[in-house]
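Per our numbering, the very first residue in the sequence shown carries number 1131; after that it's consecutive. Just so you know, even glycine gets a beta-carbon here, dropped at the ideal spot from N, CA and C. Worksheet: the structure to be examined is printed underneath.
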Amino acid sequence: MRPISFVCCAARTHVFNTLRFETKMFRSARQPNRNFAGSRQFGTPSKKEVVSRINVLVLNAGVRSVKYGLFSIASRPAGHDWLQKDSFLLSSGFIDHVGDGDAPSIVTAHVLGRSTVSYTAPKRIKDSGAAFVEIVSLLTDPKQGPISSMKDIAVVGHRVVHGGPMSKAMVIDAKVMDQIRKSTGLAPLHNPANILGIEAAQRELGHAAHVAVFDTAFHQTMPPESYTYAIPKELVATHGIRKYGFHGNSYKFVLQEVADELGRREAELNLIICHLGSGASMACIQRGRCVDTTMGMTPLEGMVMDTRCGDIDPGILLYLSDTLGLSPPELDELLNKRSGIAGMCGLSDMRDVEKAAIAGNEDALLAEQVYVQRVREYLGSYLVRLNGEVDALVFTGGIGENSARIRQQICEGLQRFGISIDPQKNARDLSSDREISTAQSFSKVLVIRAHDELSIALQSVGAVAESLPLTGTVALQSAAQ
1131 MRPISFVCCA ARTHVFNTLR FETKMFRSAR QPNRNFAGSR QFGTPSKKEV VSRINVLVLN
1191 AGVRSVKYGL FSIASRPAGH DWLQKDSFLL SSGFIDHVGD GDAPSIVTAH VLGRSTVSYT
1251 APKRIKDSGA AFVEIVSLLT DPKQGPISSM KDIAVVGHRV VHGGPMSKAM VIDAKVMDQI
1311 RKSTGLAPLH NPANILGIEA AQRELGHAAH VAVFDTAFHQ TMPPESYTYA IPKELVATHG
1371 IRKYGFHGNS YKFVLQEVAD ELGRREAELN LIICHLGSGA SMACIQRGRC VDTTMGMTPL
1431 EGMVMDTRCG DIDPGILLYL SDTLGLSPPE LDELLNKRSG IAGMCGLSDM RDVEKAAIAG
1491 NEDALLAEQV YVQRVREYLG SYLVRLNGEV DALVFTGGIG ENSARIRQQI CEGLQRFGIS
1551 IDPQKNARDL SSDREISTAQ SFSKVLVIRA HDELSIALQS VGAVAESLPL TGTVALQSAA
1611 Q
């Protein structure tokens, strides 16, 4: 059987000329299987059903690490809806200590059905561009690689932290790249690394469609009263100062998962989602749309985080600048890298903080209490915003998924607001049952494992399908068997 191809018109040459969607044997499987690093796998290959498939590489090029995931995304057997989660993870991995001084770069990779491989790179990997070259080698390795050639990849989805006004995933062209560069000042650590990853991937995979998937896009539905800062409007207009929000890919995935879990349409749901990890934020979802979130113009606003302060009186910055003569870069380092939980107790990993708090360390106990209190303050705000009509309170992210202690403290005393968790459910293994609320709880309380990479893969294919509609200028050529 020949592959199915999307053939672009001449007016769309900035995207790509031909996409090849392979047809393979696959059995749809909605129940996830667990594999590498707690990732989620939505099916396994079989020879029971023939469906059209596409290989999508997801690249998350961070400041000191680069993560990747290679997904096989399936369409429905009849039709061309490429946004089905009847898909599975072929390979995943990460490269740590990228450009991290003299520290050796550590490479970890997993291929479906095989053991995890971890090794120290022969040479220090200097940036996310060089990291992508290493990823190419991993994916096409004759013994361990899941594919024989990078030409087997049709779409590359790139996580981009800040997209400014971008409201959805976009096929990357000159205009999109220009916007990513313009937004660098709003994410000075992350966007430059994202750009290096994009440029390296475009060099290595010139045949593929490249898509930018923005952390900020999900929050573009916020109303003006949520995203407007009370500063002179001339500054807002001139410098694009507003709340943007982050962790959007996580929220989008969780919203879809909750809709599946409850058997409801996304547009019907009112949710409060707590993404609690090293970076932490919350989102208020009303009728399936984000109406508020805790992070602001930058990821510094909102919750207490591992090394970030979250909300702080701006007068403190003026005071420190005046009394200690701290420069803007020094203030940036103080607030982003030396504050938060680490600043309060010297520990940045919540697992260590919990152990220390239980052992009686007063600084760790205070840090834990401050962390929980900030979450509860925003939780109360969002309960009011939704007029108490909350279908589910959802925990996700490394801390939200794994810390029963933090979840218990956050939900303490919320019964009168219709939120009640079962201590036994909260303490058990949540790999199969996601609900931790009591039968009497008005709102469901759920724990949903984050899978940003799958969300990026699905959004990327959606962006390609939207950019190249199956009517008019694009012909769908189906091969004879």
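Within 10 Å of its beta-carbon, does residue i have 16 or more other beta-carbons around it, so buried, or fewer, so exposed?
i, result
"Lys1273", "exposed"
"Ser1573", "buried"
"His1369", "exposed"
"Val1263", "exposed"
"Thr1423", "buried"
"Lys1382", "buried"
"Asp1559", "exposed"
"Leu1465", "buried"
"Ile1446", "exposed"
"Arg1160", "Confidence is the limiting factor: at Arg1160 the pLDDT is only 32, short of 50, which leaves the residue's position unreliable, though a coordinate-based value still follows. With fewer than 16 other Cβ atoms within 10 Å, it is exposed."
"Val1514", "exposed"
"Glu1542", "exposed"
"Glu1460", "exposed"
Put residue i into one of helix, strand or coil per three-state DSSP.
i, result
"Leu1213", "Residue confidence is low: Leu1213 scores 45 on pLDDT, short of 50, so the model does not pin down where it sits. Its coordinate-derived value is still stated next. Three-state result, Leu1213: coil."
"Asp1226", "strand"
"Ala1299", "coil"
"Gly1527", "helix"
"Val1180", "Confidence is the limiting factor: at Val1180 the pLDDT is only 46, short of 50, which leaves the residue's position unreliable and the question unanswerable from this model."
"Val1286", "strand"
"Arg1481", "helix"
"Asp1493", "helix"
"Asn1379", "helix"
"Ile1403", "strand"
"Phe1572", "coil"
"Gly1592", "helix"
"Met1412", "strand"
"Thr1153", "Confidence is the limiting factor: at Thr1153 the pLDDT is only 32, short of 50, which leaves the residue's position unreliable, though a coordinate-based value still follows. Correct three-state label for Thr1153: strand."
"Ser1169", "With a pLDDT of only 37 at Ser1169, under the threshold of 50, the placement of this residue in the model should not be trusted, and no figure is reported."
"Asp1559", "coil"
"Tyr1198", "strand"
"Arg1504", "helix"
"Ile1236", "strand"
"Ile1578", "coil"
"His1292", "coil"
Considering only their Cβ atoms, is the gap separating residue j from residue i smaller than 8 Å?
i, j, result
"Phe1525", "Glu1519", "no"
"Ala1397", "Met1433", "no"
"Ala1342", "Ala1304", "no"
"Ile1283", "Asn1185", "yes"
"Leu1509", "Ile1415", "no"
"Glu1596", "Arg1535", "no"
"Leu1399", "Gly1418", "yes"
"Ala1239", "Leu1200", "no"
"Gly1528", "Ser1408", "yes"
"Val1228", "Ser1222", "no"
"Cys1420", "Thr1351", "yes"
"Gly1327", "Ala1233", "no"
Smallest Cα separation from residue i: which of the options?
i, options, result
"Val1301", "Gly1287, Gly1294, Ser1313", "Gly1287"
"Pro1322", "Asp1257, Leu1365, Leu1464, Asp1552", "Asp1257"
"Arg1183", "Ala1191, Leu1220, Asp1232", "Leu1220"
"Gln1570", "Glu1583, Ser1550, Asn1556", "Ser1550"
"Gln1554", "Lys1485, Gly1543, Arg1546, Ile1566", "Ile1566"
"Leu1430", "Cys1420, Asp1443, Val1421", "Asp1443"
"Val1291", "Ser1279, Pro1318, Ile1277", "Pro1318"
"Val1285", "Met1412, Leu1335, Gly1378, Leu1406", "Leu1335"
"Ala1593", "Ala1330, Ala1191, His1337, Phe1344", "Phe1344"
How many angstroms separate the CA atom of residue i from the CA atom of residue j?
i, j, result
"Ala1251", "His1340", "27 Å"
"Ser1457", "Ser1451", "7 Å"
"Gly1294", "Met1427", "9 Å"
"Arg1468", "Arg1289", "26 Å"
"Met1435", "Ala1472", "9 Å"
"Arg1395", "Arg1579", "20 Å"
"Ile1361", "Ala1494", "36 Å"
"Ile1265", "Phe1224", "9 Å"
"Leu1588", "Ser1217", "10 Å"
"Asp1308", "Ile1325", "10 Å"
"Ala1557", "Arg1564", "12 Å"
"Tyr1249", "Tyr1357", "45 Å"
"Val1245", "Ile1540", "Going by the sequence as given, residue 1245 is Ser instead of Val. Approximately 38 Å between the Cα atoms of the pair."
"Gly1522", "Val1575", "One detail in the question is off: residue 1522 reads as Ala in this sequence, not Gly. Each residue's alpha carbon lies about 5 Å from the other."
"Val1193", "Asp1226", "10 Å"
"Ala1487", "His1405", "22 Å"
"Gly1470", "Phe1376", "18 Å"
"Met1280", "Asp1582", "23 Å"
"Asn1379", "Tyr1198", "15 Å"
"Gly1243", "Pro1353", "46 Å"
Run the proximity test for residue i: is its beta-carbon closer than 7 Å to any non-hydrogen atom belonging to the ligand SAM?
i, result
"Asp1422", "Only the bare structure without any ligand can be found here, which leaves the ligand SAM out of the picture."
Output yes if chain B places a C-beta closer than 8 Å to the C-beta of residue i; else output no.
i, result
"Ser1222", "You won't find chain B in this structure, because it holds only one protein chain."
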